[in-house]
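See structure below.
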Amino acid sequence: MRPFIFERATSPESAIAAFHADRATSFLAGGTTLLDLMKLDVVRPERVIDINALGANEIEISEDRLRLGASVRMADAEAQEELRRRVPMLTQSLALAASTQLRHMATLAGNVLQRTRCPYFRDVSWSACNKRLPGSGCAAMAGFNRQHAVLGASDACIATYPSDFAQALIALDATVDVVGRRGRRQLPFAKLHVPPGRTPEVETTLAPDELILGFEMPIEPWMSRSLYLKIRDRDSYEFALASAAVALEVDGGAVRQARIALGGVAAVPWRAREAEQALIGRVLDEASCQLAADIAFAKAQPREHNAYKPLLGRQTVARALLQAAAMEA
Amino acid sequence: MKRPPTSQPTTSSGATAREDGVFNRRHFLVGTATSAVLPLSFGTTGVREAVTDAALPTQVPSSSVALLVNGRTHRLILDNRTTLLDALREHLALTGTKKGCDHGQCGACTVHLDGEPILSCLTLVASVEGRAVTTIEGLAQADGALHPVQQAFIDHDAFQCGYCTPGQIMSAVACVEGDRAGSDAEIREYMSGNLCRCAAYPNIVAAIRAAKTEVRS
Amino acid sequence: MAIIGPVQQKNMGPPHSRIDGRAKVTGAAPYASDFAVGRPAYAYFVTSSIARGRITGFDMAAAGQVPGLLDILTYETMRGAVKKPTFFAGGGYAGTTIRPLDGPEIFHDGQIVAVVLADSYESAREAAYKVKVTCQAEQPAATFGSAGATTEDAADAKGHEDPAVGDIAAGLAAASATVDADYATPTQHHNPIELFTTTCAWTGDKLTVYEPSQIVHGLKHGVAEQLGIPPDHVRIVSPFVGGAFGSKASVTPRTALAAIAARCLGRPVKLVLTREQGFSVATYRAETRHHLRLGADADGKFTALSHEAWEVTSRPDSYLVAGTDTTARLYACPNVFTKVHLVHVDRNTPGFMRSPPEVPYLFPLECAIDEVAEKLGLDPIELRRRNDTMKEPIGGLPYTSRSLMECFDQAAESFGWARRSAAPASMRDGDWLIGWGCASTCYPTALAPATARVILWKDGRVKVETAAHDLGTGAYTALAQVAAERLGVPVGQVTIALGDSDLPPSPVAGGSITTASVSSVIAKACDAIRAKLGVNDSALIDPGIRVAGFERLGVALVQEYAEFAPHGAKPEGIDKLYAGLSTLKGGAMLEDRIQYAFGAEFVEVRIHARTREIRVPRVHGAFAAGRIVNPKTAHSQLMGGLIWGVSSALHEATEMDLGTARYINDNFADYLVPVNADIEDVSVILVPERDTQVNPLGIKGLGELGNVGTNAAVANAVYHATGRRIRELPIRLEKLLA
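Residue numbers (the numbering used here), protein chains in the order written: chain A, 1 to 329; chain B, 330 to 546; chain C, 547 to 1284.
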């Protein structure tokens, strides 16, 4: 960890004002990603601005809308009884992530901005990592890549995007509320992250001085038929090998609307829109669920140790859809 | 050690003896001056000389922190990089909180921050100013009476080596007091952020179940 | 969730709670890195990022500018400072003969290449990351089959004898059912939660080392050897050890470096390795491959067992696992062939990890028995019963006691084995496939010479002093119970000092020998006290008799030092013990008999029919290990062992980047061990057993008995659930998909 100047911000405005474009600056919220990567010398801020006192920690639920403040702790959002009932996918994606202690620390904005778990990224003694050192190569391609992405990756980077909660946000068409030097703006959550392409070091569309203030989304009655299914080696405290966030609007036995997002298998938050389309108007049964699952992974590009992921991913989608179909709406 | 004749007295250290500050600098100067066994320096040429001039502590960005631990306020000036875990262990001599991974992957460093279980290894000490930290040393009452969770851990043999135990107990206290011990499944999930390599898990669950009854009554 | 026991049964002591429990639940128990040593400097290692090659230069410019930096040690100035160590597995002290900072050669990934010393931990870490090391890398060999790996017979390398009897070809020809298959077990790391730490402080020319250790007298002599100083100038302090599992039994290169650094700076030095560094600075369980052939006749009698194995070790060291000593002797079989090979690659030297030979070697045998049973249409327990024996087949030596089938009967009853539907993939609960499997477990009963001093005061207080070790095993409590029982006082009146090299030496806390060996010597010292007081061997010392004895002698205390050497030990065993060397006797190493502890392990797996994740809702084990001193702590050890076994079968593998021979998952997020949510019903049954031969107290060890059979029990259960026979550990969901 390199030495840094430590400052506290008490409002979004003071946080942005404290930001220095000419010095590497990091915002500190829960710290569960930042401190981890600073100790590993992967992230080297010269200034750290503590934003834990700037507010943005309310949860607002109305008849048809939800707003989650950026600084809300995962544990507090997960414990919301009304949210559990009305959008189970959302609270499940939080409850199945990390550990009790980490969920008490980590904020919702920090969660969606967490960095990949790729071991070649996290260990600076590996010289080839395009995400960490642009142009240096990718050691994971020919290395040990059991955790790596089969969707949305590129020839420059196959790192997996690790968040569970982000899959719920992208599935539910959330928007992100952002503030920076140039003022406030809103963008669809699906536009927050960018696929690695040739520039895997660029992970989001946020400007360096921008802060997330919160997430907003419509809530509709049918969203109570939703769930987050996470498949992993052990039963808790592990990142997903594959996961699926699914929500279904069913009308007279046929699907009117489907939402499917995939975790653990893709380079960015991943919405399987073609698979969703394939379900519209169909009855949910083994065949239709398998069809949707096949479409979701039609373009998967596996490598040596993650060759199992397309099949695991398809089984996860099918299982999640059938489980959701069996739920009481 | 020489093999003693029978019944020879010996010095010994008790199982729980602490050895505080028995070494001081003067001993070392005497020691190094008289020792012919080991060379005095293996320093890389140039490095040692260069740093003696450059290494002024004021060059490291630091913060003055009022740290509230177990009801006592400690005023410290610390390197901004200091984690709460290292502050407790290296600066306050509160070594009950353990380092097992330093990256939020094992739970051994769990403490309470304003009553909630958090990982002290991923917390900058500068960021907890004004908040209440409780460590394993702050659980028992002043008269030495153990917290019901501590007693239950002894009764149910909920540990072996004991190294993860302070972290387990801090999580367990939060589990019981936060009313999250409704079923064995709920306890297991709540406690899954605390690895126990000796694998005392079933006994930990049994201890929490018992402590819950104790705390309620 | 049912926990059976711990209740006191025949030939068991009382289930006393740990006497060090209060210290552990209050944070007061001092582990090595908890000791305060004035104003320490902090050490941080720089380690190699290549596995084979040479260092060509260091650039210290950036590191040298770090405020608070005190010094940086490298081979350029340290060459020759650390003397050549003797290899633990060759009768010495060190886990590797690779000398730290002794030259530019790189033998493995993670080798120590520089020691950064600074005023604070933060500065030391910063400077370590700023040290630039340039290397000339060569292509390393990572594992079996890698270019450049070299293979040798263990018989040649180590003088190992491959046990064999009869005619294996004839035995296979006579079989009506055979299994001929290859099996693989992975690299695993002990990963105790306590990190590898060392604090060194000099007083004059005397060195005190605070380091978690399974062998304080060995560490003392090993460090003295590496520093070239008299052993009496070194003291090791290690009263509490945060888990070890074999990783703290041999001397690592770190200790000498911390000692030299402290001497250079004239100031104590504190070193706490990172989790990652521990993977390559300490040892690990060697990766193994097996070719196993097992034949049985139509009656289910084994006709042939051939067990050939290959094990990974480092370039310079021939660390040998060789579990064929056990597998060749476990069942009656007239024709046995075994052979072990060592494969040298560019990795750090492996070492002991909980049940070192039995865990990787029983896996293929106990799986093959399951396979043969199915071919014969026999229940796998019945097949084991038909080949149970009181005489091992290689030398015809008698087992001192063997309760294997009693363990199977009790565990099968507890588990409900009779309700098992034998056909694979025939049990199901909704979307979950259910599988039940079982396996034998065993562990050699060995002992080693030990010494102790016991003091009894007139008022009934007792002090026991011996440099044994409590790794979480419960040694403090069990040993106090032995003294209390022998001297007729409550356990609460016994204080006990362990883990300090100023105490009379005890052997390594390895091979499950501590309770049997150290209890034996404590009992001997207590008996000498009784003799002084004029109390004969069988009578209890009640307070009245005790006080009368003291008044007759006219003293306030009676102190006795005793030495114990087990059956088969040579007279120089005690001298070796004082030199920090443990000479283990027992198991299959005796000339007149064979002594083992046994058990039976049953596992239920649930495997999701679609996504194939594997869960283990139930593990039941029954174990017989002679006299049980404390059923409570014994229960915990066996329970922990069973969970270790599940972990080994399903989770644990140290993954490598094969092209570079580097560890990939060297952290607790990626090296998976079970969390609380993974473990549900773990039932331990203690089967009463009396063995009058193993030692005067009839104690067998059990710390390593629990995790031996579990790999196979899980694999057999996975087969039963799915019809898939997985012969490569760990069994992960991708092996069951498609």
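All C-beta atoms, glycine included, are put in the ideal place defined by N, C-alpha and C.
What you are looking at is a predicted structure, and each value in this text was computed from that prediction instead of being measured.
Alpha carbon to alpha carbon, what distance is there between residue j and residue i?
i                  : j                  : result
Trp982 of chain C  : Val1149 of chain C : 6 Å
Glu46 of chain A   : Ala29 of chain A   : 16 Å
Ala1199 of chain C : Pro1276 of chain C : 7 Å
Val1037 of chain C : Gln479 of chain B  : 21 Å
Val317 of chain A  : Arg1158 of chain C : 14 Å
Leu1243 of chain C : Ser1063 of chain C : 10 Å
Thr33 of chain A   : Trp270 of chain A  : 21 Å
Val194 of chain A  : Tyr639 of chain C  : 55 Å
Val534 of chain B  : Leu943 of chain C  : 45 Å
Thr744 of chain C  : Pro896 of chain C  : 21 Å
Met74 of chain A   : Glu216 of chain A  : 16 Å
Asp955 of chain C  : Ser901 of chain C  : 24 Å
Ala190 of chain A  : Ala174 of chain A  : 8 Å
Arg256 of chain A  : Pro162 of chain A  : 30 Å
Pro302 of chain A  : Ala142 of chain A  : 12 Å
Look up residue i in the DSSP assignment and say whether it is helix, strand or coil.
i                  : result
Trp748 of chain C  : strand
Leu172 of chain A  : coil
Pro531 of chain B  : helix
Ala998 of chain C  : strand
Lys1246 of chain C : coil
Asp699 of chain C  : strand
Trp1003 of chain C : strand
Go through its chain and collect everything with a Cβ distance to residue i's Cβ below 6 Å, but skip five positions before and after it.
i                  : result
Gln1297 of chain C : The structure shown does not extend to residue 1297 of chain C, since chain C is modelled only from 547 through 1284, so no value can be given for it.
Thr935 of chain C  : Ala878
Pro560 of chain C  : Gln554
Arg1164 of chain C : Glu1150, Asp1227
Val662 of chain C  : Tyr590, Ile618, Ala670, Ala673, Ala674
Glu1109 of chain C : Thr997, Ile1120
Ala539 of chain B  : Ala481
Lys39 of chain A   : Met1
Arg198 of chain A  : Ala156
Cutting at 7 Å between CB atoms, please list the residues of its own chain near residue i, excluding the five before and the five after it.
i                  : result
Glu1011 of chain C : Ala998, Arg999, Ala1043, Leu1049, Pro1050
Gly789 of chain C  : Pro738, Ile739, Glu740, Leu1017, Gly1018
Arg8 of chain A    : Asp50, Ala53
Trp748 of chain C  : Ala808, Arg809
Gln80 of chain A   : Ile59, Thr91
Leaving aside the five residues before and after residue i along the sequence, list all residues of the same chain whose C-beta is less than 8 Å from its C-beta, in chain order.
i                 : result
Gly55 of chain A  : Ser11, Pro12, Gly69, Ser71
Ala272 of chain A : Ile260, Ala261, Leu262, Ala292, Ile295, Ala296, Val317
Leu187 of chain A : Thr175, Val176, Val178, Thr205
Q) Does the stretch 627-635 of chain C touch the stretch 567-574 of chain C, meaning 3 or more C-beta pairs lie closer than 8 Å? A) Segments in contact, no.
Is the number of C-beta pairs between the stretch 164-172 of chain A and the stretch 198-214 of chain A that are closer than 8 Å three or more? In the pairwise beta carbon analysis, the stretch 164-172 of chain A is classified as not touching the stretch 198-214 of chain A: fewer than three pairs are separated by under 8 Å.
Segment contact, 8 Å Cβ cut-off, at least three pairs: the stretch 1246-1257 of chain C with the stretch 124-141 of chain A
Taking a contact to require three or more Cβ pairs closer than 8 Å, the stretch 1246-1257 of chain C and the stretch 124-141 of chain A do not qualify as touching.
Looking at chain B, which residues of the stretch 31-44 of chain A have a Cβ within less than 7 Å of any of its Cβ atoms?
Correct list: Gly31, Thr32, Leu35, Asp36, Lys39.
Margin query: Beta carbons nearer than 8 Å to chain B: which residues of the stretch 202-227 of chain A have them?
Written below: Cβ contacts with chain B: none found.
Using 8 Å as the threshold, is the stretch 827-841 of chain C in touch with the stretch 666-684 of chain C, meaning 3 or more CB pairs across them? No: fewer than three Cβ pairs fall under 8 Å.
Any 3 or more C-beta pairs closer than 8 Å across the stretch 1185-1201 of chain C and the stretch 527-543 of chain B:
Because the criterion of three Cβ pairs below 8 Å is met, the stretch 1185-1201 of chain C and the stretch 527-543 of chain B touch.
Quiz prompt | Validate contact between the stretch 775-782 of chain C and the stretch 750-758 of chain C using beta carbons, cut 8 Å, 3 pairs | solution = Yes, since at least three Cβ pairs between the stretch 775-782 of chain C and the stretch 750-758 of chain C fall closer than 8 Å, the two stretches touch.
Practice problem: Output, in sequence order along the chain, the residues in the stretch 736-761 of chain C whose CB is closer than 7 Å to any CB in chain B. | Solution: Residues passing the 7 Å Cβ filter: Asn737, Pro738, Ile739, Glu740, Leu741, Ala747, Trp748, Thr749, Gly750, Asp751.
Compile a chain-ordered list of the residues in the stretch 573-597 of chain C whose CB is closer than 9 Å to at least one CB of chain B. Cβ contacts with chain B: Gly573, Ala574, Ala575, Pro576, Tyr577, Ser579, Asp580, Phe581, Ala582, Val583, Gly584, Arg585, Pro586, Tyr588.
Query raised in the report: Okay, do the stretch 107-121 of chain A and the stretch 242-257 of chain A touch, 3+ Cβ pairs below 8 Å being the bar?
Result: Between the stretch 107-121 of chain A and the stretch 242-257 of chain A there are fewer than three C-beta pairs closer than 8 Å, too few to call the two in contact.
task = Could you tell me whether the stretch 923-942 of chain C touches the stretch 696-708 of chain C, using the rule of 3 or more Cβ pairs below 8 Å?
result = Short answer: they don't touch.
- Item | At least 3 beta-carbon pairs within less than 8 Å: the stretch 1089-1103 of chain C vs the stretch 1056-1073 of chain C | Three or more beta-carbon pairs separated by less than 8 Å are not found between the stretch 1089-1103 of chain C and the stretch 1056-1073 of chain C, which leaves the two stretches without contact.
With 9 Å as the limit, tell me which residues of the stretch 777-800 of chain C have their beta carbon closer than that to any beta carbon of chain B; keep them in chain order. Here the close residues are Pro777, Asp778, His779, Val783, Pro785, Phe786, Val787, Gly788, Gly789, Ala790, Phe791.
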